[in-house]
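I have placed the structure first, in the form of structure tokens, so that the comments after it can refer back to it.
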Amino acid sequence: MGRGALGYLIWHSFRNRTAQQVRRLRQPRYVVALLVGIGYLFMLAHGNAQPDRHPFLRGAFLELGLAAGLLFLVGWTWISSGKQHILAYSTAEVMFLFPAPLSRRALVRYKLLRAQVVIVATTLLWVVILGAGRGELPVLLRALSLWCLFTTIHLHRMGAAMARSSAAEHGRFGMRRHTLLIIVLVVAAVLVIAALLQAGNRLISLPAGASPLASIEAALRAPLALVVLWPFRLLAHPLASTTGQEWLRSFPWAAGLLVLHYIWVIRSDAAYEEAAADASFERARMLAARRTGARISSRDRPYSPALWPLTPAGDPARAILWKNVAMLLRRSRLRTWVMISMIVALTLVVASAGLPAAAKAAGTLLLVWGGFFFALGPQWIRNDLRTDLAHLELLRSYPLASDAVIRMEAASSAFILSLSQLTLLLLGGLALMYVPAPAFPGTLRLALAAAIVVVLPALNFVGMLLQNGAALLLPGWVRIGPAHGGVETLGQSVLTALAYIFALVLVSILPATGAVGLASLLSPALRAWAAIPAACGAAALLLAEGWLLSLWLATVYEEVDPGDGEMEARGMGHGA
Amino acid sequence: MIEVEGLTKLFGDRLAVRELTFTVQPGEVLGLVGPNGAGKTTTLRSVAGIIAPSAGRIRIAGHDLRAEPIAAKSRLAFIPDEPHLFDYLTVGEHLDFVARLYNVSDAPERRHALLSELELLDRIDSFPPELSRGMKQKLAIACGLLHAPSALMFDEPLTGLDPIGIRRMKATILRRAQEGAAVILSSHLLHLVEELCTRVLVLRHGERVATGALGDIIAERPELAGRSLEEVFIALVGET
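From first to last, the protein sequence lines stand for chains R and W. Under this note's numbering, the first residue of the first sequence carries the number 1, and numbering increases by one thereafter. Under this note's numbering, the first residue of the second sequence carries the number 1001, and numbering increases by one thereafter.
So this is what it looks like as structure tokens:
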């Protein structure tokens, strides 16, 4: 009986949600967005259909790289101290399902089945992203590999969340209950550290001329690294297979891992109810606190050093910037700052130790990371209108011009994003400083670095206006509030990032043309330094575009109704 | 003073408020009453500049809300039924933020006086999640009152308050009216409206059903004489 009801709930939720999305197509802007999206996906699929388009996305390197990524993800899952959101139910689910006569296992299975809706959608997206038309592996096999990978990761996150929650809940007794798991984790941690040291030694011993990718591959092929990465390679191998036969040989191992994870999660059901209830009530309590104003405990207290003072006199719109920077500082976690400090320290060590291959690999990784941050950062750093739309009623009551609000909201996230990107670029540049690069003499490097410092904030400002504009124009389709974690949402994130870059390229055509023109005009006199006035010109043009965009978005902002069903359904009518 | 003339608001094809006209003089408390869906919140949101009216004119302290939105909004405060606060700003920082938005030059003095009046001084470094429902409501009120608005709007101001909180809230509303603010109070609590409001505006399906002091409304309809306020309300909105 319970199983039927849970199946009914999943199916009808999915059906109604889909119907709701379809109903939005009555509005022309959603139809336009859908058509653009379909065209974009078609282009992506068609583009990826060309063989050997991305040679690094196949074979042994893909398997190793993916395995290393999975190791990092799993390690992060166990280390991170975030709340166990993966176990949490919605408020309605807590109210209806927890008092209902349902077994723990039924609840676990319900949770797993519900996650499948997102996992299957993500799998389909990734099939498109990775190239649906490539002939090496049939689409179905590629989809199955991806599904198996995502489902296993999801199960692992659930299992980890339950184990950690149960251990924390039961103190010493909880630790005893999980003795075997703790032993496995400690052994794994020791092996990972030993593998990292061995891989580091390999990097150091490599010749200076080794390419960054070859250096990384050599480090991952260190004997201990191969041991540590073995289970992750099992999971990654089907996706890296190039023939059906290879896939058939590797998939059973990956599927076996999935089954083992399923058994682990299902057998953890004794701990599940407490962990899930705790997480659900935590979430429900937070939601209720937001809606009803109930008090919550001091452990939820955001903490950060005092902000810089905000005087009553001055441009009122700047108060929005102050508030949004406070939002990001106080919502960030300690682990983020620890990780940043570790990266800075490691880079400084590598750069100062005079190890060319290691410096080159570290510098390249940091620059690549900076590139990723350029594409995906706008989705992670959301201290702007995408979060503040939850306070639309309040914002609109302030005595501020709408275009000023839009500009300050976009500037808030652009400021933090630029700071993060420039830090990564600075660290990458620092690591590469001692690596000889005849193509880029010191003067040119310095001039290019200065040009980047000038143009990047302006580019990010326009980019954030685009992101905020999307949230204003398509509030039903754009995520409002903080970024969601987990690989389940990674497909959507990658697609959004690609669309964002495409839009950014479009708005950059005019400034880039102007910059190139100015640079070619000034380069005979200024040589490499011509890059700086060219960047200033590009930044000015970008800001002018941003200004015009903000004026248009202000009219959209004024038309958004804070009380309509769409906003309220997405929790946008109440406090943060 | 709040002046509303021919206020009409459409949501798509649905008419939420139709040609509503009223004024609230300084020192006056206007009670906005009506059944669910009568258009009370839409009226308040329109007057607060949160949503744009489809037609009509609104003036706050002499400033046209459409033509001079910043000047008009600088003189008003809207306090909704649910306190809208930022989880990541402390009580004191909320007031600093509002002081900058409204350019309140004597903010430190006003801040201290308000926190003292609303008994929040000892919670100045607390974040909203650490506050009780009543304290959050008080903080929202402090934010609304910091710039000494000449037009004040309350939407269900007693929601979630304990008896002591209710008493203090009533005193706060009356005090601002006595100091010369024009106040609009929307509530389903008829005894609150009767106690605090100098006039009432009864809405039904977005239209005005009656307006004036309660005695005047009853005087216009002799058949309502001697009935309780609840019965008068039901008779006016035509629902049982």
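Positions of the beta carbon are idealized from the N, C-alpha and C atoms, including for glycine.
Around the beta carbon of residue 1036/W, a 10 Å sphere encloses fewer than 16 other beta carbons of the protein chains shown; the residue is thus reported as exposed. Annotated three-state conformation of residue 32/R is helix, per DSSP.
Any Cβ of chain R closer than 8 Å to the Cβ of residue 1051/W would place that residue at the interface, and such an atom is present. For residue 323/R, a Cβ of chain W is located within less than 8 Å of the residue's own Cβ.
DSSP, reduced to helix, strand and coil, places residue 496/R within a helical segment of the structure shown.
Per DSSP, the continuous alpha helix (DSSP H) segment holding residue 114/R begins and ends at 104-130.
Residue contact check for residue 28/R against chain W: no CB pair falls below 8 Å. For residue 1075/W, the three-state secondary structure derived from DSSP is coil. Distance check between residue 1033/W and each of 1220/W, 1004/W and 1205/W places 1205/W closest, using alpha-carbon atoms only.
Residue-level contact by beta carbon fails for residue 475/R and chain W, as no gap is shorter than 8 Å. In this structure, 1199/W is the residue among 1077/W, 1056/W and 1199/W with its C-alpha nearest to the C-alpha of residue 1216/W. Here residue 1204/W is bridged, per DSSP, to 1207/W.
For residue 330/R, the nearest CB of chain W lies under 8 Å from its own CB, placing it at the interface with that chain.
Short of 7 Å from the beta carbon of residue 443/R, and not among the five residues preceding or following it, lie these beta carbons of its own chain, in chain order: 528.
DSSP, read as helix, strand or coil, puts residue 1160/W in coil.
Counting along the chain, the unbroken alpha helix (DSSP H) around residue 427/R starts and ends at 402-432. Taking the Cα positions, residue 92/R is about 57 Å away from residue 446/R. Only buried fits residue 123/R, as 16 or more other CB atoms lie within 10 angstroms of its CB. Cβ contact annotation for residue 78/R (same chain, cutoff 8 Å, sequence separation greater than five): 160, 164 and 185, in chain order. At a beta-carbon threshold of 8 Å, the residues of chain W lying near residue 307/R are 1093, ordered along the chain. Taking a cut-off of 8 Å on C-beta distances, the stretch 360-375 of chain R does not touch the stretch 471-478 of chain R, as fewer than three cross pairs fall below it. Cβ atoms of residue 550/R and residue 466/R stay farther apart than 8 Å, at about 11 Å. Inclusion of residue 156/R and residue 228/R in the CB contact set at 8 Å is not warranted, their separation being larger than that value. Within chain W, the residues whose beta carbon sits less than 7 Å from that of residue 396/R are 1049 and 1050, listed in sequence order. For residue 311/R, the neighbours in chain W by C-beta distance under 8 Å run, in chain order, 1100. Look at the beta carbons and you see the stretch 1127-1142 of chain W touching the stretch 1077-1094 of chain W: at least three pairs across the two are nearer than 8 Å. Here residue 1031/W is bridged, per DSSP, to 1185/W and 1200/W. Judged by DSSP in its simplified three-state form, residue 12/R adopts helix. In this structure, the beta-carbon distance from residue 1005/W to residue 1045/W does not fall below 8 Å. Rounded to whole angstroms, the Cβ separation of residue 431/R and residue 366/R is 6 Å, and the two are in contact under 8 Å.
Here DSSP, grouped into helix, strand and coil, assigns residue 1112/W to helix. In the DSSP annotation of this structure, the continuous segment of the beta strand (DSSP E) that includes residue 1003/W starts and ends at 1002-1011. By the rule that beta-carbons nearer than 8 Å mark a contact, residue 1171/W does not touch chain R.
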